[in-house]
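Just so you know, we're using our numbering here: the sequence shown kicks off at 86 and counts up by one.
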Amino acid sequence: MLYVVSYSLRVILVPVLLVASVITAAEPVQYCRFGHNIQSQDADVDFCLGVAMHQNASSKNYDMYLTMTVTRSSSLGWTAIGTGSSMAGSLMFILYGDPYANEPPTVSIRTVEGHHQPQLVSQADMGAADVRLLQASWVPASIAESELSTRGASPVSVAKLAIVCYSCEQWPGASISASAVSQPWIWAWNDEQEFAVYSHDAHLDAHKHDAGNGGWGRFYIDMARSINKEVYPPSLPQIRPHVRIIGASDSPRGTGWMGWLGPIHGLLLGTAYLILLPIGVVAMRCGLAKSFKYHWIIQLVGSVFIWSGVLLGILQSRRLDTTHQWIGITVAICSLVQILLGWRHHVVFMKTKRRQWASHSHIWLGRGFLIFGWGNIITGIVLAGHSLKWTAIASSVVTVDALVLIGCTWVLKRRMRGESPQAPHLSRLPPWKSQREEYFVLTAADEDEDDDRSSRDIQESPMLTRKDID
86 MLYVVSYSLR
96 VILVPVLLVA
106 SVITAAEPVQ
116 YCRFGHNIQS
126 QDADVDFCLG
136 VAMHQNASSK
146 NYDMYLTMTV
156 TRSSSLGWTA
166 IGTGSSMAGS
176 LMFILYGDPY
186 ANEPPTVSIR
196 TVEGHHQPQL
206 VSQADMGAAD
216 VRLLQASWVP
226 ASIAESELST
236 RGASPVSVAK
246 LAIVCYSCEQ
256 WPGASISASA
266 VSQPWIWAWN
276 DEQEFAVYSH
286 DAHLDAHKHD
296 AGNGGWGRFY
306 IDMARSINKE
316 VYPPSLPQIR
326 PHVRIIGASD
336 SPRGTGWMGW
346 LGPIHGLLLG
356 TAYLILLPIG
366 VVAMRCGLAK
376 SFKYHWIIQL
386 VGSVFIWSGV
396 LLGILQSRRL
406 DTTHQWIGIT
416 VAICSLVQIL
426 LGWRHHVVFM
436 KTKRRQWASH
446 SHIWLGRGFL
456 IFGWGNIITG
466 IVLAGHSLKW
476 TAIASSVVTV
486 DALVLIGCTW
496 VLKRRMRGES
506 PQAPHLSRLP
516 PWKSQREEYF
526 VLTAADEDED
536 DDRSSRDIQE
546 SPMLTRKDID
């Protein structure tokens with residue numbers, strides 16, 4: 086039994102962990118926009134921002150630690166990130182420079198009272214807050230982009246910045262709150278300006294003015310989640326590659342009924358993947374007279390939960406740009422295929438008492454359902470901005486769910502094997518009864534097993550009488 090459980094657990098959980106490994110390893114808060122494309126004229130802004138808040142033991146105020154990266158393959162233009170929902174009162178961090186020169190990128194810290202040319206901040210402008218630039222350097226781009234550069238495109242570099250804002254909640258401009266769960270930030274960029282000199286007070290040409298056309302935008306960060314509760318100051322936030330959003334969003338967290346879409350979305354899908362679908366599998370194997378009926382009813386309800394949850398997720402997010410979303414949509418679409426495969430298998434099996442392509446497809450697609458569904462539960466919890474503690478809890482629940490499912494199916498298989506009829510006269514029973522042991526098996530090693538073998542509601546062959554069976 087230990088071998089079977091161990092083997093099956095590896096088969097099921099390894100893909101789950103692979104699906105979730107990249108995202109679950111992420112730092113608490115990160116927001117990125119991946120628009121750089123050295124092979125296209127339609128490139129967009131490309132930056133990442135990592136945030137960590139820490140309460141200073143001396144001042145009792147919160148310090149804000151920032152790590153910022155900007156991908157560039159040209160000396161033209163600038164990229165800016167700022168606090169608040171508009172330029173007025175925003176604490177802006179503006180980067181420009183020549184990645185091919187032997188000089189570090191220029192980081193200009195500015196603010197403005199309205200929608201005008203931002204000006205350098207002075208110590209008087211900072212109030213009780215204080216900003217320090219810890220690092221500004223060009224670093225090599227990723228291997229993939231570097232390979233493209235060697236094929237004739239412009240070399241790609243990444244500007245990496247590290248900034249700390251001491252007592253940042255004391256900034257007199259746009260509010261900065263360590264307890265905010267949806268702190269607004271703005272970004273803007275210009276990809277055409279040619280600088281005569283990269284001074285800190287250089288004049289900046291305007292960005293494109295209409296929101297949504299690539300010139301500027303807003304995003305929101307869960308500052309409360311980013312709080313580091315250690316006594317000593319935290320290390321600088323690490324930017325995880327290829328992860329767009331962790332503890333952040335493109336729109337503010339909903340209030341009123343919109344705020345319930347996320348929790349209901351998670352509740353529906355969690356119920357489907359952790360409770361309904363596994364119960365449906367066990368119902369198929371339990372050997373009851375109505376196992377088949379229980380199986381399709383429970384799985385149909387689970388599918389309805391999946392469709393409803395995915396629909397709510399789409400309504401909440403308003404855009405589709407994460408792997409989590411596309412996996413969820415793909416699984417929802419495949420659930421329709423799964424229903425058709427199950428129906429096809431049942432119809433053919435009633436006629437031939439033999440497995441065929443629909444049987445095997447139904448089995449393996451069902452296994453894929455659970456694997457990707459479990460993985461998406463974990464990634465969804467992380468993307469929703471929950472802490473790593475909740476991610477660990479979710480991973481543990483998925484593991485227990487897999488163990489219980491494997492254990493139940495193994496026990497049912499052993500029970501069916503122990504109850505297999507041995508008397509010669511029972512060989513006259515229909516295949517779906519006489520081969521009952523085979524019909525109730527669900528392990529990774531048994532590739533030929535039929536997910537619908539326990540169709541206990543199929544009527545016995547009319548050639549047999551009760552007297553023959555007894």
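All residues carry an ideal CB built from backbone N, CA and C; glycine is no exception.
Treat the numbers as computed from the prediction; the structure is a model and nothing was measured.
Per the DSSP calculation, residue i is bridged to which residue(s)?
i: Phe132; result: Arg118 and Val155
i: Phe304; result: Trp270
i: Gln204; result: Thr196
i: Met177; result: Gly167 and Arg195
i: Asp183; result: DSSP, once it has assigned bridges, lists no residue as partnering Asp183.
i: Met138; result: Met149 and Ile312
i: Pro225; result: Ser242
i: Trp334; result: Before going further, note that residue 334 is Ser rather than Trp in the sequence given. Per DSSP, Tyr305.
i: Asp215; result: Tyr251
i: Gln220; result: Ala247
Leaving out five residues on either side along the sequence, give the residues of the same chain with a beta carbon under 7 Å from the beta carbon of residue i.
i: Thr356; result: Phe390
i: Val101; result: Caution is warranted here: a pLDDT of 49 is assigned to Val101, below 50, making its placement in the model unreliable, and no coordinate value can be reported.
i: Ile383; result: Leu361, Ile364, Gly365 and Ala368
i: Leu321; result: Tyr150, Thr152 and Ala247
i: Ser231; result: Residue placement at Ser231 is poorly supported in this model, since its pLDDT is 47, which falls under 50; the coordinates are not used for a value here.
i: Phe119; result: Asp131 and Arg329
i: Gly387; result: Ala357, Leu361, Leu362 and Gly365
i: Thr164; result: Val130, Phe132, Val155, Leu180 and Trp274
i: Lys474; result: none
i: Ala287; result: Phe280
i: Leu426; result: Ala443, Ser446, His447 and Leu450
Report yes if the C-beta distance between residue i and residue j is below 8 Å; otherwise report no.
i: Gly451; j: Gln423; result: yes
i: Ala479; j: Ile491; result: no
i: Leu289; j: Pro348; result: no
i: Pro269; j: Ser170; result: yes
i: Leu346; j: Gln401; result: yes
i: Gly162; j: Gln278; result: yes
i: Val114; j: Gly302; result: no
i: Ile330; j: Tyr116; result: yes
i: Tyr185; j: Pro240; result: yes
i: Val266; j: Asp307; result: yes
i: Val155; j: Phe132; result: yes
i: Thr196; j: Leu176; result: yes
i: Ala309; j: Ala263; result: yes
i: Thr168; j: Ala273; result: no
i: Val192; j: Leu180; result: yes
i: Ala173; j: Gly199; result: yes
i: Met138; j: Ser311; result: yes
i: Thr476; j: Ile463; result: yes
i: Pro190; j: Ala226; result: no
i: Phe454; j: Val496; result: no
i: Lys379; j: Leu373; result: Looking at the sequence shown, residue 379 is not Lys but Tyr. Yes. Within cutoff.
Take residue i and list the residues in its own chain whose beta-carbon comes closer than 6 Å to its own, dropping the five residues that flank it on each side.
i: Asp183; result: Ser160
i: Gln441; result: Val433
i: Gln220; result: Ala247
i: His201; result: none
i: Tyr251; result: Asp148 and Asp215
i: Tyr317; result: none
i: Leu359; result: Asp486
i: Gln140; result: Tyr147
i: Thr235; result: Note that Thr235 scores a pLDDT of 44, beneath 50, so its modelled location is shaky and nothing firm can be said.
Taking 7 Å as the cut-off, is the CB of residue i close to at least one heavy atom of the ligand MN?
i: His350; result: What this structure holds is no ligand at all, so the ligand MN is not there to describe.
Kindly list the residues whose CB is nearer than 8 Å to the CB of residue i, restricted to its own chain and excluding five residues on each side of it in sequence; keep chain order.
i: Leu353; result: Phe390, Ile391, Ser393, Gly394 and Leu397
i: Ser420; result: Ser388, Ile391, Trp392 and Phe454
Return no unless some Cβ of chain B is closer than 8 Å to the Cβ of residue i.
i: Ala214; result: The displayed structure is made up of one protein chain only, and chain B is not part of it.
Contained alpha helix (DSSP H) runs [length at least 4] in the region 343 to 383, N- to C-terminal order: 346 to 356 and 362 to 370
Inter-stretch contact at 8 Å, needing at least 3 Cβ pairs: the region 415 to 430 / the region 322 to 334: no
Validate contact between the region 210 to 227 and the region 274 to 284 using beta carbons, cut 8 Å, 3 pairs: no
Runs of alpha helix (DSSP H) wholly within the region 414 to 466 (minimum 4 residues, chain order): none
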